[in-house]
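If you read the sequences in order, they're chains A and B.
Residues in the first sequence are numbered consecutively from 1, following my numbering.
Residues in the second sequence are numbered consecutively from 1001, following my numbering.
Ideal placement from N, C-alpha and C gives every residue a C-beta, glycine not left out.
A quick note: this is a predicted structure, and the numbers were derived from the prediction, not measured.
Quick notes on the structure that follows.
There are 2 protein chains.
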Amino acid sequence: MNGQHAPQSFDRVLSSMCTEPHPAARTAAERFLATNPGDPATYGTIAELESRAVELLCTVVDHPRSGPDLGYLTSGGTEANLQAVRAARNLAAGGDVNVVAPESAHFSFRKAAAILDVELRTVPLDRDHRADIEAASAAVDENTALVVGVAGSTEYGRVDPIPDLCAIAHETGARMHVDAAWGGFVLPFHDVPWTFADAPIDTMTIDPHKLGRAVVPAGGLVVRDPATLDALAIETPYLETHAQATVTGTRSGAGVAGAVAAMEELWPDGYRETAQRCQRNAEWLAAAFADRGYTVVDPSLPIVAASIPTPIFEELRSAGWKIARTDRGELRIVCMPHVTRDTLRAFLSDLDRIAESDGSRTAGSR
Amino acid sequence: MNGQHAPQSFDRVLSSMCTEPHPAARTAAERFLATNPGDPATYGTIAELESRAVELLCTVVDHPRSGPDLGYLTSGGTEANLQAVRAARNLAAGGDVNVVAPESAHFSFRKAAAILDVELRTVPLDRDHRADIEAASAAVDENTALVVGVAGSTEYGRVDPIPDLCAIAHETGARMHVDAAWGGFVLPFHDVPWTFADAPIDTMTIDPHKLGRAVVPAGGLVVRDPATLDALAIETPYLETHAQATVTGTRSGAGVAGAVAAMEELWPDGYRETAQRCQRNAEWLAAAFADRGYTVVDPSLPIVAASIPTPIFEELRSAGWKIARTDRGELRIVCMPHVTRDTLRAFLSDLDRIAESDGSRTAGSR
């Protein structure tokens, strides 16, 4: 290493679903760097902290009860989504199992389907990029083990009609999973149904290491019924514990300690302040794009998508901006906590300079 | 957190396959805590470091060539083992696939088989706790997609006859995987075949976060042929990269940076010194157990198993020692780098005190 590699600066990162950890999370993570919550008989303190993390998550997702047996901290949202699919598969009566998810579902569901060898049926979206209820209703059948709803989609930050999807799932005998991996720490401050109190959902993904301002790796899986975790358990010799429901064996104590520290520090007031600030930035940016004649997808959560032409996108990237695109090719800016108004002003200034020199500044020219 | 939780001390930890990270690994991990190698377009520096980590792993496992396309840093040994099984399943012609592994294989293979829905056939061990070659040969058939050999077993630190198992695998058209998750960083200093140069193995698990003295999470998957990773790839929108072969999406930059720092600092001289010191401690402890009349399994790698009666085991645990047992109930001590001779002396002193007061000190009384 020899110091030649400078760690990442977040100054120009507009593409990431992760962010700079809260200082309390960083400090806690550094203290517990050499612990393993996957071996609770050896590393008891961090195992207790994981119980605390799960109880805190139960509060955030408005779980009807709270307890350390209602989930665990995963390596990230992918593991949590995979485990929800796995539990549904394992609990299904058998045969060819399918999972019904909106087109907006994260690609981790395709990964989970490939790993677990189940069929993934994607259903189209409505005009506001949310799961189309009629299409979902038509897609389920007696082999459907799970219906997925997204609460804060990766591309446009949309929340699917969770209670309706849940009703469709349960009517057909399937389970209901909500993927709030990214949205879970801002949604408590929005007026939209998404929690265990809003609908009888079975499992949820909510990641402290995204908008929860914890340290990677800290994903979260929360279950309504502890029996869900039993359906995932594998017997464990050597460890002086009986079974392990996690995908990974050795796990990061840093991630667990950081998640507890962030949630204890920020829930609820700090998260509310963060959510409001991120939302104001997103709405300000959306208005600025619209003023320039670009077509903008309304940011109901702090993600802004705008129809910036590809040559301008590429030049912005060459100028050092870390930016990404939607599947349809729109520029997509995630207004994470590290993204300040000044950063957005600097970005727009570069955009204007490039658009002008390209002679493509007005919407009419595109 | 409020400082009420003290992080783990390793003083009395004799049960863990992990250890205190090397100081250089800790420093590097702390610097890269807020990065994500799962998103290389955004976090370029840590992605470059991961390439360096894979090249260093290629050196440790004596790979015929070196390159960033020959593996990746996993969340741990479980993910690496799961991916080896998954690649074998995906590359198999189809139908009901089975995996043949020795009884000594880590429980992560049972987890992988359950997740991936493949049959796991375990074969018995020979009298020295290594895979029985005749039994392995009898277990494979035309549906066998993978044969597993362990290089440093969890219970007794045994290395299976890797070249023989590899021949059995390839004769039947199966792939060959070596699980060196724990043993991989001491085996280069032992005279036993286990590497890509010793046999035409297809995949290997080797975890920097165990005897590599890196920071959790830093497992490792190394492949002979980059096409193995292609068999695991899932398309990725949003990320400005095309495909992702990993199980997890967001991943720990701390784990990657720590692994590079540890390997650059310690390969080969530091690891050789560590391996020799751990081995001397294990042999010294084995002799001390034998002197006291206990039956000891010879530590060919730094794990010592001894027939300590259960009441004494429980009292040692009550005295604060973090200890574990083999499946047969033997006390099992992993002489990791943090386990000093003084620690072992203090442990034996407690053992003697407890055994004497139990009146069960002599072997004859058991």
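**Request:** Let me know the secondary structure DSSP gives M263 (chain A) once reduced to three states.
**Result:** helix
**Item:** Integer Cβ distance of A286 (chain A) from D269 (chain A), believed to fall under 8 Å
**Value:** The Cβ separation is near 26 Å, so there is no contact.
**Asked** Which residues in the same chain as E1119 (chain B) place their Cβ atom closer than 6 Å to its Cβ, once the five residues preceding and following it in sequence are excluded?
**Response** N1098
**Request:** Would you please state the rounded distance, in angstroms, between the beta carbons of W321 (chain A) and R12 (chain A)? I believe it to be under 8 Å.
**Result:** 5 Å
**Simplified DSSP assignment, three categories, for E330 (chain A)** = coil
**Request:** Measure from the alpha carbon of L1232 (chain B) to the alpha carbon of each residue in B:L1082, B:E1050, B:L1033, B:T1035, then state which is nearest.
**Result:** B:L1082
**Request:** Provide the residue span of the alpha helix (DSSP H) that contains L57 (chain A), from first to last.
**Result:** 44-60
**Prompt:** Comparing the C-beta of P1337 (chain B) with each C-beta of chain A, is any distance below 8 Å?
**Reply:** no
**Asked** From F1347 (chain B) to D1291 (chain B), what does the alpha carbon distance come to, in whole angstroms?
**Response** 15 Å
**Request:** Quick one: using the 10 Å Cβ neighbour count with 16 as the cut-off for buried, is T1326 (chain B) buried or exposed?
**Result:** buried
**Spatial distance of D198 (chain A) from A1029 (chain B) (CA atoms)** = 40 Å
**Request:** Taking 8 Å as the threshold, find out whether the segment 1015-1026 of chain B comes into contact with the segment 1251-1263 of chain B through three or more Cβ pairs.
**Result:** yes
**Message:** At the level of alpha carbons, what is the spacing between S1360 (chain B) and K1210 (chain B)?
**Reply:** Low per-residue confidence applies at S1360 (chain B): pLDDT is 48, beneath 50, and the placement is therefore not dependable enough to give any value.
**Request:** Use the C-beta contact count for H1338 (chain B): other C-beta atoms within 10 angstroms, 16 or more gives buried, fewer gives exposed.
**Result:** buried
**Message:** Taking CB distances under 8 Å as the criterion, tell me whether D1269 (chain B) reaches chain A.
**Reply:** no
**Request:** Return the chain-ordered list of same chain residues with a C-beta closer than 6 Å to the C-beta of P7 (chain A), the five sequence neighbours on each side being excluded.
**Result:** none
**Length of the line joining the Cα atoms of V1140 (chain B) and G1095 (chain B)** = 15 Å
**Prompt:** DSSP on L342 (chain A), reduced to helix/strand/coil?
**Reply:** In the sequence under discussion, the amino acid at residue 342 (chain A) is Asp, which differs from the Leu named in the question. Reduced to three states, the DSSP call for D342 (chain A) is helix.
**Asked** What does G152 (chain A) reach in chain B if we use C-beta pairs closer than 9 Å?
**Response** Correct list: empty, because the minimum Cβ distance to chain B is about 14 Å.
**Request:** Check the DSSP bridge columns for I1234 (chain B) and list the partner residues they point to.
**Result:** B:Q1244
**Message:** So D117 (chain A) contacts chain B; which residues on that side make the cut at Cβ distance below 9 Å?
**Reply:** R1089, L1116, D1117
**Asked** If you count every other CB in all the chains shown that lies within 10 Å of the CB of P64 (chain A), and 16 or more means buried, which is it?
**Response** exposed
**Request:** Using the Cα positions of L1125 (chain B) and A1218 (chain B), report the straight-line distance between them to the nearest angstrom.
**Result:** 30 Å
**Request:** Enumerate in chain order the residues of its own chain whose CB-to-CB distance from A1112 (chain B) is below 6 Å, with the five nearest sequence positions on each side excluded.
**Result:** N1081, L1082, V1085
**Message:** Less than 7 Å between C-beta atoms, sequence neighbours within five positions excluded: which residues of the same chain meet that for T362 (chain A)?
**Reply:** Reliability fails at T362 (chain A), whose pLDDT of 48 lies under 50, so the model's placement of it is uncertain and no value is given.
**Prompt:** At a Cβ threshold of 8 Å, is Y1072 (chain B) touching chain A?
**Reply:** no
**Prompt:** Going by alpha carbons, who is nearest to E103 (chain A) out of A:Y156, A:S75, A:P302?
**Reply:** A:Y156
**Request:** Identify whether A1029 (chain B) lies in helix, strand or coil by the three-state DSSP scheme.
**Result:** helix
**Nearest candidate by alpha-carbon position, reference A101 (chain A), set A:V334, A:D160, A:M17** = A:D160
**Prompt:** When the Cβ atoms of the segment 1183-1195 of chain B are set against those of the segment 1046-1055 of chain B, are three or more pairs found closer than 8 Å?
**Reply:** no
**Asked** Helix or strand or just coil, what does DSSP make of L1221 (chain B)?
**Response** strand
**Prompt:** Mind checking whether V1123 (chain B) and A1114 (chain B) have CB atoms under 8 Å apart?
**Reply:** no
**Message:** If you measure between the beta carbons of V222 (chain A) and G255 (chain A), is that distance less than 8 Å?
**Reply:** no
**Asked** For H177 (chain A), which three-state DSSP category applies?
**Response** strand
**Request:** With 8 Å as the threshold, decide whether the Cβ of S252 (chain A) is near any Cβ in chain B.
**Result:** yes
**Item:** Closest residue to E1315 (chain B) among B:V1192, B:L1351, B:T1045 (Cα-Cα distance)
**Value:** B:L1351
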